[in-house]
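In what follows, a structure is listed as structure tokens, so that the remarks can point back to it.
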Amino acid sequence: MFEQLEAATPDAILGLTEAYKNDPNPEKINLSVGVYKDACGATPVLATVKEAEARLLQSEKTKTYLPMAGSAEFGDRVQSLLFGADHELISSRRVVTAQTPGGTGALRVGGDFLHTLFPGSTLWLSQPTWPNHPGIFSAAGVPIQTYPYFDVATNALAFDAMIDQLNTIPAGDIDLFHGCCHNPTGVDPTPAQWEQITEVVCQRKLVPLVDFAYQGFGDGVEQDATGLRILSRQVREMLICNSFSKNFSLYNERIGSLTLVAGSAEEAQTVMGHIKLRIRTNYSNPPAHGGSIVAAILADSKLRAQWHKEVEVMRDRICSMRELFVRTLTTRGVQQDFSFIANQRGMFSFSGLNPSQVAKLREDYSIYIVGSGRVNVAGMTEANIDRLCKAIATVLD
Ligand SMILES: Cc1ncc(COP(=O)(O)O)c(C=O)c1O
């Protein structure tokens, strides 16, 4: 059977990482992959994670299976992080949370749940979106459509076009929103725009699915939950898929969660029963280590405060690289206005570089950027910024 197979199309972003690894140029720069890098270009383990792991090593008594939905303690901590402690949704038990293998696991379990129980519902994705979204939901059998999101001419949110499209979506369809730090554009709705989005979602009886992979990388751990909290105040039902890969730097531990808001405590339990079935036939139960670390940090007020500081350091570095990038491009004589990059949030921005400029940067300068022109700002450092901007100035000429 296998000899008839044609080669699979490699993943565009991970393929670039391979090419970067094999590039012998010592001055190569990787702005393609979605991983935070510090000023030295490294992705270190957070000090709070090290401390939590040391404690776990002492206290861990068993490696037996977790329940299908993971640790209850972890679920409680996640809910407080998403909605704020003592939120009415939590005290009225309208929220349930399943620990999942990464944010990707949460999206896939959510997709399986939607496909199995609501086969008539279409999922609407922003155009553009994280390239894995269509793949995950198609693999789960969920029909997909897109709504406009980004205005290339102004490098800003195409808000009116987005609202116009949302206003045509049939009741019972699902809308996926990025909670903050939109990947790949770096453009998020303002709080006032979230209010308007919520109004349309409620009027048209749509179900929001918030993908929340970068909490803390935008304006702050609490501030970044603004959109999600505005939605959750008014909608009856919603899904939230969050990831701890970036904000806890736990990439290879595969830790995230799927949270669902239902109309009542009873409905929430029914929903969780179905979620467990989807998990059981998928991976049975989640890996424990990443969730134990996150729960241990969030449960300890001192560690939690220290974690907030560590996230702040990552966020501040990204913001300062955005500003330095814009300044250095100007110093290098680039006429084109790139000031929008300083106002965007999170690790990613659409640079506006076209595919041939991106190819030239790779071939002539060993600078790796995704074909869409999306750059990972966290890949920039004080050491590589000048070389980067000089090369961009040349390909823009
Ligand atoms: C928008 C978005 N959602 C989800 C994920 C998945 O994160 P994880 O690595 O935890 O599966 C990512 C990761 O890059 C992402 O950018």
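Letter by letter, the sequence shown follows residues 3 to 399 in the numbering used here.
Where is the CB? At the ideal position from N, CA and C, for every residue including glycine.
Only a predicted model underlies this, so the values are computations on that prediction, with no experimental measurement involved.
Residue i versus residue j: straight-line alpha-carbon distance, rounded
| i | j | result |
| --- | --- | --- |
| residue 294 | residue 117 | 30 angstroms |
| residue 54 | residue 226 | 24 angstroms |
| residue 86 | residue 6 | 54 angstroms |
| residue 128 | residue 379 | 21 angstroms |
| residue 26 | residue 330 | 26 angstroms |
| residue 195 | residue 56 | 44 angstroms |
| residue 430 | residue 143 | As shown, the chain starts at 3 and ends at 399. That puts residue 430 outside it, with no answer to give. |
| residue 131 | residue 250 | 23 angstroms |
| residue 36 | residue 222 | 19 angstroms |
| residue 32 | residue 254 | 19 angstroms |
| residue 153 | residue 187 | 10 angstroms |
| residue 100 | residue 69 | 10 angstroms |
| residue 197 | residue 365 | 45 angstroms |
| residue 89 | residue 391 | 46 angstroms |
| residue 213 | residue 385 | 33 angstroms |
| residue 178 | residue 136 | 11 angstroms |
| residue 395 | residue 312 | 34 angstroms |
| residue 351 | residue 377 | 6 angstroms |
| residue 304 | residue 298 | 11 angstroms |
| residue 252 | residue 59 | 17 angstroms |
| residue 388 | residue 22 | 19 angstroms |
| residue 228 | residue 337 | 36 angstroms |
| residue 29 | residue 205 | 54 angstroms |
| residue 261 | residue 91 | 12 angstroms |
| residue 281 | residue 108 | 10 angstroms |
| residue 240 | residue 163 | 23 angstroms |
| residue 201 | residue 207 | 10 angstroms |
| residue 133 | residue 286 | 27 angstroms |
| residue 83 | residue 224 | 8 angstroms |
Proximity below 7 angstroms, CB of residue i to CB of residue j
| i | j | result |
| --- | --- | --- |
| residue 375 | residue 355 | yes |
| residue 113 | residue 138 | yes |
| residue 2 | residue 238 | With the chain running from 3 to 399 in the structure shown, residue 2 is simply not present. |
| residue 288 | residue 102 | yes |
| residue 189 | residue 168 | no |
| residue 211 | residue 171 | no |
| residue 243 | residue 347 | no |
| residue 300 | residue 79 | yes |
| residue 393 | residue 370 | no |
| residue 372 | residue 34 | yes |
| residue 157 | residue 327 | no |
| residue 115 | residue 277 | yes |
| residue 296 | residue 246 | yes |
| residue 316 | residue 67 | no |
| residue 50 | residue 309 | yes |
Environment of residue i [buried if 16+ CB atoms lie within 10 Å]
| i | result |
| --- | --- |
| residue 42 | exposed |
| residue 4 | exposed |
| residue 399 | exposed |
| residue 81 | buried |
| residue 324 | buried |
| residue 63 | exposed |
| residue 65 | exposed |
| residue 264 | buried |
| residue 11 | exposed |
| residue 217 | buried |
| residue 283 | exposed |
| residue 191 | buried |
| residue 259 | buried |
| residue 141 | exposed |
| residue 174 | exposed |
| residue 266 | exposed |
| residue 119 | exposed |
| residue 17 | exposed |
| residue 248 | buried |
| residue 203 | buried |
| residue 353 | buried |
| residue 333 | exposed |
| residue 71 | buried |
| residue 24 | exposed |
Report the residue ranges of all alpha helix (DSSP H) runs contained in full by the segment 104-133; include only those spanning at least 4 residues, in chain order.
-> Correct list: 104-119.
Would you say the segment 359-367 touches the segment 214-234, given that touching needs at least three Cβ pairs under 8 angstroms?
-> No: fewer than three Cβ pairs fall under 8 angstroms.
Those runs of the alpha helix (DSSP H) which lie wholly inside the segment 33-76 and span at least 4 residues | Runs of the alpha helix (DSSP H) inside the segment 33-76: 49-61.
Ignoring anything shorter than 4 residues or poking outside the segment 132-177, list the alpha helix (DSSP H) runs there in chain order.
-> Listed in chain order, the complete alpha helix (DSSP H) runs (minimum 4 residues) inside the segment 132-177 are 134-141 and 161-168.
Given 8 angstroms as the limit, is there contact between the segment 260-271 and the segment 95-103, that is, 3 or more CB pairs closer than that?
-> Yes, the segment 260-271 touches the segment 95-103.
Do the segment 379-391 and the segment 33-49 touch if we need at least three Cβ pairs shorter than 8 angstroms?
-> Using a C-beta cut-off of 8 angstroms, the segment 379-391 makes contact with the segment 33-49, since at least three inter-stretch Cβ pairs fall below that distance.
Unbroken alpha helix (DSSP H) runs of length 4 or more, entirely within the segment 296-342: which are they?
-> Counting only runs of 4 or more, we get 303-333.
Sequence ranges, alpha helix (DSSP H) only - wholly within the segment 223-268, length at least 4 = Complete alpha helix (DSSP H) runs here, min 4: 228-236.
Return the chain-ordered ranges of every beta strand (DSSP E) run that is complete within the segment 198-227 and spans a minimum of 3 residues.
-> The DSSP assignment places 209-214 as complete runs of the beta strand (DSSP E) inside the segment 198-227, in order along the chain (cut-off: 3 residues).
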